[in-house]
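Student:
Numbering (the numbering used here), first residue to last: 13 to 200.
1. What does the Cβ neighbour count give for residue 187, buried or exposed, with the cut at 16 atoms within 10 Å?
2. Would you say residue 96 reaches chain C, if we count a Cβ-Cβ gap shorter than 8 Å as a contact?
3. Between which two residues does the beta strand (DSSP E) harbouring residue 140 extend?
4. Whole angstroms are fine: how far does the CA of residue 63 sit from the CA of residue 107?
5. Closest by CA to residue 160, which one among 103, 84, 14 and 54?
6. Leaving out five residues before and five after residue 119 in sequence, what residues of the same chain have Cβ atoms less than 7 Å from its Cβ?
7. How many angstroms separate the CA atom of residue 175 from the CA atom of residue 72?
8. Let me check one thing: in DSSP terms, what residues is residue 157 bridge-paired to?
9. Under DSSP, the beta strand (DSSP E) around residue 71 begins and ends at which residues?
10. What are the residues that DSSP puts in a beta bridge with residue 120?
11. Would you report the Cα separation of residue 117 and residue 75, rounded to the nearest angstrom?
12. Within 10 angstroms of its Cβ, does residue 155 collect 16 or more other Cβ (buried), or is it exposed?
13. Got a sec? Which residues, its chain only, sit under 6 Å from residue 147 by beta carbon, not counting five neighbours each side?
14. Quick one: is residue 194 buried, meaning 16 or more other Cβ sit within 10 Å of its Cβ, or exposed?
15. Leaving out five residues before and five after residue 143 in sequence, what residues of the same chain have Cβ atoms less than 8 Å from its Cβ?
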């Protein structure tokens, strides 16, 4: 009986530790820079969890303290990428890993933003229905395997390609946020 009690206690302790370690990190202010560092986004949360907050995109000024505000968005994201020029930056935002095991029409998977406006946003449910697959952990789920990359198509359009957890690749037109069919994706 004593052995059984010790075994059950050990199993419960390990399970609790795994669940605790799998929790999403609390929101903190973050800065993300474009590849060459001429543009950056500063995202500040309104709360410890969720996507409420503000994100401001800046162009680096010539002198310290003279950075120029380009755009402002009414959301927080700890995970984003910035592409484009100092005149026309594009922000690719990833939603936080939603709690639970099911996909949701309200949970952001990926969004594309330009000039202070959303170009197009996709929910975790939409991406799952498009074949991204879902990776589950103890307390959350994800639809993408990794972060994507920007590239140019043969018609000189900027595109963004990312891989779902199912290994299916998705290519988005950065001007519209629309998914480009593989036969239309003739990259340079």
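The beta-carbon is built from N, C-alpha and C at its ideal position, and this holds for glycine as well. Just so we're clear, the structure is a prediction, and the values are computed from it rather than from any experiment.
Tutor: Short version:
1. Locating residue 187 in the chain shown gives position 175, counting from the first residue. It is exposed - the Cβ of residue 187 has fewer than 16 other Cβ atoms within 10 Å.
2. In summary, chain C is missing from the structure at hand, where a single protein chain is found.
3. Counting from 1 along the chain shown, the entry for residue 140 is found at position 128. Taken as a continuous stretch (DSSP letters only), residue 140 belongs to no beta strand (DSSP E), being part of the alpha helix (DSSP H) at 136-141.
4. Taking the first residue of the chain shown as position 1, residue 107 is located at position 95. Taking the first residue of the chain shown as position 1, residue 63 is located at position 51. Approximately 8 Å, taken between the alpha carbons.
5. By one-based count along the chain shown, residue 160 stands at place 148. Minimum Cα distance to residue 160 is reached at 103.
6. Position 107 of the chain shown, counted from the start, is the residue given in the question as residue 119. Only 107, 110, 135 and 136 meet the Cβ criterion.
7. As a working note, residue 175 is residue 163 in the chain shown. As a working note, residue 72 is residue 60 in the chain shown. For residue 175 and residue 72, the distance between alpha carbons rounds to 31 Å.
8. In the chain shown, counting from the first residue as 1, residue 157 sits at position 145. Answer is none; residue 157 lacks a bridge partner.
9. Mapped onto the chain shown, residue 71 falls at position 59. Where residue 71 is concerned, the enclosing beta strand (DSSP E) stretches over 65-71.
10. As a first step, residue 120 is located in the chain shown; it is residue number 108 there, counting from the start. Looking at the DSSP assignment, residue 120 forms a beta bridge with 135.
11. Here residue 117 refers to the residue found at position 105 when the chain shown is read from its first residue. Here residue 75 refers to the residue found at position 63 when the chain shown is read from its first residue. Their backbone Cα atoms lie some 44 Å apart in a straight line.
12. Start at 1 with the first residue of the chain shown, and residue 155 comes out as number 143. Residue 155 is buried by the Cβ-count criterion.
13. Translated into the one-based positions of the chain shown, residue 147 becomes position 135. 154 and 177.
14. For the purposes of this step, residue 194 is taken as residue 182 along the chain shown, with counting starting at 1. Flag for residue 194 reads exposed.
15. Numbered from 1 along the chain shown, position 131 holds the residue referred to as residue 143. Contacts found: 176, 178 and 180.
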